[in-house]
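Colleague: In my numbering, the protein residues as written are 605 to 1052.
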Ligand code: UDX
């Protein structure tokens, strides 16, 4: 099928690549000429496991192409995806200007029926706005053409995006048109084997499904972080509590890991956006407001431990930091907890020696070169001459470090672990002091 994807960000690029992989004829349109040129040379703008070979092999096979030519893009696709960004505007609402711009572009250039599919995460009611925009441009230009707008939210996780797209656990289609549904079922047939994963519903429910999914997951995390804070004060170990409650299948083991807060491009933005759009319909989303507040506080947690441990005397301290990305297997640092920590450490006069397996360039891009930040080539090098170690991201490579080396390299044998990677009893055997999130043991150690 002939498909066009507007917006070569995370969602658009992964979607385009997997559609091409199963044989669809895909054109990607973006306003960024440099990005388009790079993609044609096989340079992929994001780090995502499996994505580079997928994009390059499909580009070489002629199944996916990249262009800034919107007119050509609109002519090409019978199915047109909108996968552009919806950044939060000043008050946290999703900004629809890019989405509506694509709607306008499609309407300006279309000369035949189009199915316009919204993949971007957008507030409930956006499909109606897209419809109205397309309709008004068509009328302006005196074009009597039909079109459909479908809501088809994306549920991919960074770091597992290709797999999530190739093997989706559900394919949500929000549509009020039987023919559009049939076309989308055909498009997704290669991904819809074994059992029917397509769930068809009205457009507004599909739009809300996306927010509800992310907000539910964010709620689970903030809930666990709240329990962790209680466990710490009660002298209990949240890791035991986690296992204890996860064994109940109604609760489940997933997304109940306490830590130094959730980050990324989705949870913080989507929780905020739903809080804002709730207000527009006269409702206060109290649970979501708390989810956000707890997360905000949780991101300051590691700094609080550090500050308390050193009685606020942080000026001149050199801090080894492992993990900069908001989660493993990505170089994405949007809303990452490491940023809150680093910025607070700098304010307090400390310097940071950081290592991350993927996010070093991104850190450099965000913070530039500064005297109080050194980016080190290995996790061991980050320990050189440092006073203590902090861990912000649960990369696999951090899970079994050489604790003797850590103890010998640090001036104070001390680890602040924002992801509860280690067994506190084991660390104690190595003579290393250990702070983790919500673990009674670490509370005892706090009383130096
Ligand atoms: C998320 C959703 O999982 C995905 O379905 C949606 O389409 C986009 O948003 P993503 O942002 O890529 O995906 O990352 P995810 O793996 O969900 O992690 C988000 C954050 O939550 C990370 O900072 C992670 O460290 C944190 N997290 C996750 C926890 O703190 N505890 C957990 O138990 C799970």
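Positions of the beta carbon are idealized from the N, C-alpha and C atoms, including for glycine.
1. Based on Cα-Cα distance, which residue from 625, 800, 681 lies nearest to residue 632?
2. Enumerate in chain order the residues of its own chain whose CB-to-CB distance from residue 784 is below 6 Å, with the five nearest sequence positions on each side excluded.
3. With residue 1055 as the anchor, note down where its beta strand (DSSP E) starts and where it stops.
4. Please report the distance separating the alpha-carbon of residue 928 from that of residue 939.
5. Return the CA-CA distance between residue 890 and residue 883, expressed in angstroms with no decimal places.
6. Taking its Cβ as the centre, do 16 or more other Cβ atoms sit within 10 Å of residue 854, making it buried, or is it exposed?
7. To test your reading of the DSSP string, which unbroken alpha helix (DSSP H) runs of 4 or more residues are found completely within the stretch 961 to 1004?
8. For residue 907, report the span of its beta strand (DSSP E) as first-last.
9. So what does DSSP say about residue 1046, is it helix, strand or coil?
10. Taking Cβ to Cβ, would you say residue 829 is nearer than 9 Å to residue 862?
11. Should residue 676 be listed as close to the ligand UDX, given that the test is whether its C-beta is under 8 Å from any heavy atom?
12. Pick from 879, 896, 895, 894: whose alpha carbon is nearest that of residue 888?
13. Hey, out of 741, 689, 821, whose CA is closest to residue 723's CA?
14. If you run the structure through DSSP and keep just helix, strand and coil, what is residue 1053?
15. Figure out for me which residue from 822, 736, 956 has the closest Cα to the Cα of residue 945.
16. What is the C-beta distance between residue 706 and residue 686, in whole angstroms, given that I count them as a contact (C-beta under 8 Å)?
17. Note down the Cα distance separating residue 896 from residue 967, rounded to an integer number of angstroms.
18. In whole angstroms, what is the alpha-carbon distance linking residue 691 and residue 728?
19. Who are the Cβ neighbours of residue 626 in its own chain at under 6 Å, not counting the five residues just before and after it?
20. Helix, strand or coil: how does DSSP classify residue 957 here?
21. Does the beta-carbon of residue 1046 have 16 or more other beta-carbons within 10 angstroms, so that it is buried, or is it exposed?
22. Buried or exposed: which applies to residue 820, given that a residue is buried once 16 or more other Cβ atoms fall within 10 Å of its Cβ?
23. Could you tell me whether the stretch 1029 to 1037 touches the stretch 996 to 1009, where touching means 3 or more Cβ pairs closer than 8 Å?
24. Is any heavy atom of the ligand UDX found at a distance shorter than 8 Å from the C-beta of residue 931?
25. Let me check understanding here. Comparing Cα to Cα, which of 986, 1030, 771 lies closest to residue 1013?
26. Rounded C-beta distance between residue 902 and residue 868? I'm assuming under 8 Å.
27. Under 8 Å by Cβ, that's how I've got residue 607 and residue 658 pegged, so tell me the actual separation to the nearest angstrom.
28. Using the C-alpha atoms, what's the distance from residue 918 back to residue 1015?
29. Got a sec: does the ligand UDX put a non-hydrogen atom nearer than 8 Å to the Cβ of residue 769?
30. How would you write the range of the beta strand (DSSP E) that residue 685 sits in, first residue to last?
31. Can you tell me whether residue 942 is buried or exposed, with buried defined as 16 or more other CB within 10 angstroms of its CB?
32. Distance, Cα to Cα, residue 911 vs residue 652?
33. Give me the Cα-Cα distance between residue 671 and residue 679, rounded to the nearest whole angstrom.
34. In terms of residue numbering, what span does the beta strand (DSSP E) encompassing residue 661 cover?
35. Taking one C-beta from the stretch 808 to 816 and one from the stretch 765 to 783 each time, how about it: are there three or more such pairs within less than 8 Å?
36. Measure the Cβ-Cβ separation of residue 905 and residue 860 and say whether it is below 9 Å.
Modeller: Taking the definition as stated:
1. For this step, residue 632 is matched to residue 28 along the chain shown. It is 681.
2. For this step, residue 784 is matched to residue 180 along the chain shown. The beta carbon of residue 784 is closer than 6 Å to those of 719, 752, 754 in its chain, skipping five residues each way along the sequence.
3. Past the boundaries of the shown model lies residue 1055; the chain is included only from 605 to 1052, so the question cannot be answered.
4. Numbered from its first residue, the chain shown carries residue 928 at position 324. Numbered from its first residue, the chain shown carries residue 939 at position 335. Residue 928 and residue 939: Cα-Cα distance of roughly 11 Å.
5. Along the chain shown, one-based indexing puts residue 890 at 286. Along the chain shown, one-based indexing puts residue 883 at 279. Straight-line measurement puts the Cα of residue 883 at about 11 Å from the Cα of residue 890.
6. The count along the chain shown starts at 1 and reaches residue 854 at position 250. Exposed, since its Cβ has fewer than 16 Cβ neighbours within 10 Å.
7. With a minimum length of 4 residues, the continuous alpha helix (DSSP H) runs that stay inside the stretch 961 to 1004 are 964 to 971.
8. Looking up residue 907 in the chain shown gives position 303. No beta strand (DSSP E) contains residue 907, which is instead part of the alpha helix (DSSP H) from 905 to 913.
9. Locating residue 1046 in the chain shown gives position 442, counting from the first residue. Per-residue confidence for residue 1046 stands at a pLDDT of 48, beneath the threshold of 50, marking its modelled position as unreliable; no derived number is given.
10. Residue 829 sits at position 225 when you count from the first residue of the chain shown. Residue 862 sits at position 258 when you count from the first residue of the chain shown. Going by C-beta atoms, residue 829 is nearer than 9 Å to residue 862.
11. As a first step, residue 676 is located in the chain shown; it is residue number 72 there, counting from the start. Taking 8 Å as the cut-off, one finds no heavy atom of the ligand UDX near enough to the beta carbon of residue 676.
12. Residue mapping note: residue 888 aligns to position 284 of the chain shown, counting from 1. Nearest option by C-alpha distance: 879.
13. The residue given as residue 723 occupies position 119 in the chain shown. Looking at the Cα atoms, 689 is the closest of the given residues.
14. The question about residue 1053 has no answer here: the residues shown for the chain are numbered 605 through 1052.
15. One-based indexing of the chain shown puts residue 945 at position 341. Put simply, of 822, 736, 956 the residue whose alpha carbon is nearest the alpha carbon of residue 945 is 956.
16. By 1-based counting over the chain shown, the position of residue 706 is 102. By 1-based counting over the chain shown, the position of residue 686 is 82. Cβ atoms of residue 706 and residue 686 come within 8 Å of each other, at about 5 Å.
17. What you label residue 896 is simply residue 292 of the chain shown in a count that begins at 1. What you label residue 967 is simply residue 363 of the chain shown in a count that begins at 1. Cα-Cα distance, rounded: 25 Å.
18. The residue given as residue 691 occupies position 87 in the chain shown. The residue given as residue 728 occupies position 124 in the chain shown. One C-alpha to the other measures close to 16 Å.
19. Here residue 626 refers to the residue found at position 22 of the chain shown. The answer, listed in chain order, is 794.
20. On the chain shown, residue 957 is found 353 positions in, with the first residue counted as 1. Taken through DSSP and simplified to helix, strand or coil, residue 957 comes out as strand.
21. The count along the chain shown starts at 1 and reaches residue 1046 at position 442. Legend: pLDDT at residue 1046 = 48, less than 50; position of this residue unreliable, value from coordinates given subsequently. With 16 or more other Cβ atoms within 10 Å, it is buried.
22. Locating residue 820 in the chain shown gives position 216, where the first residue counts as 1. Residue 820 is exposed by the Cβ-count criterion.
23. Contact holds: three or more Cβ-Cβ distances are below 8 Å.
24. Within the chain shown, the letter at position 327 stands for residue 931. Yes, since a heavy atom of the ligand UDX falls inside the 8 Å radius drawn around the Cβ of residue 931.
25. Counted from its first residue, the chain shown places residue 1013 at position 409. Closest option to residue 1013, Cα to Cα, is 986.
26. Locating residue 902 in the chain shown gives position 298, where the first residue counts as 1. Locating residue 868 in the chain shown gives position 264, where the first residue counts as 1. About 14 Å; that fails the 8 Å criterion.
27. As a first step, residue 607 must be located in the chain shown, where it is residue number 3. As a first step, residue 658 must be located in the chain shown, where it is residue number 54. At roughly 16 Å, the Cβ-Cβ gap does not stay under 8 Å, so residue 607 and residue 658 are not in contact.
28. As a working note, residue 1015 is residue 411 in the chain shown. As a working note, residue 918 is residue 314 in the chain shown. If you take the alpha carbons of residue 1015 and residue 918, they lie about 14 Å apart.
29. Locating residue 769 in the chain shown gives position 165, where the first residue counts as 1. Between the ligand UDX and the CB of residue 769, the shortest heavy atom gap is not smaller than 8 Å.
30. Numbered from 1 along the chain shown, position 81 holds the residue referred to as residue 685. First-last of the beta strand (DSSP E) with residue 685: 683 to 686.
31. Counting from 1 along the chain shown, the entry for residue 942 is found at position 338. By the neighbour-count rule (16 or more Cβ atoms within 10 Å), residue 942 is buried.
32. On the chain shown, residue 911 is found 307 positions in, with the first residue counted as 1. On the chain shown, residue 652 is found 48 positions in, with the first residue counted as 1. Their backbone Cα atoms lie some 35 Å apart in a straight line.
33. Locating residue 671 in the chain shown gives position 67, where the first residue counts as 1. Locating residue 679 in the chain shown gives position 75, where the first residue counts as 1. Whole-angstrom Cα-Cα distance: 13 Å.
34. As a working mapping, residue 661 is identified with position 57 in the chain shown. From DSSP, residue 661 is part of no beta strand (DSSP E) but of the alpha helix (DSSP H) over 655 to 664.
35. By the Cβ test, the stretch 808 to 816 is in contact with the stretch 765 to 783, since at least three Cβ pairs between them sit closer than 8 Å.
36. Within the chain shown, residue 905 is the residue found at index 301, counting from 1. Within the chain shown, residue 860 is the residue found at index 256, counting from 1. The Cβ atoms of residue 905 and residue 860 lie no closer than 9 Å to each other.
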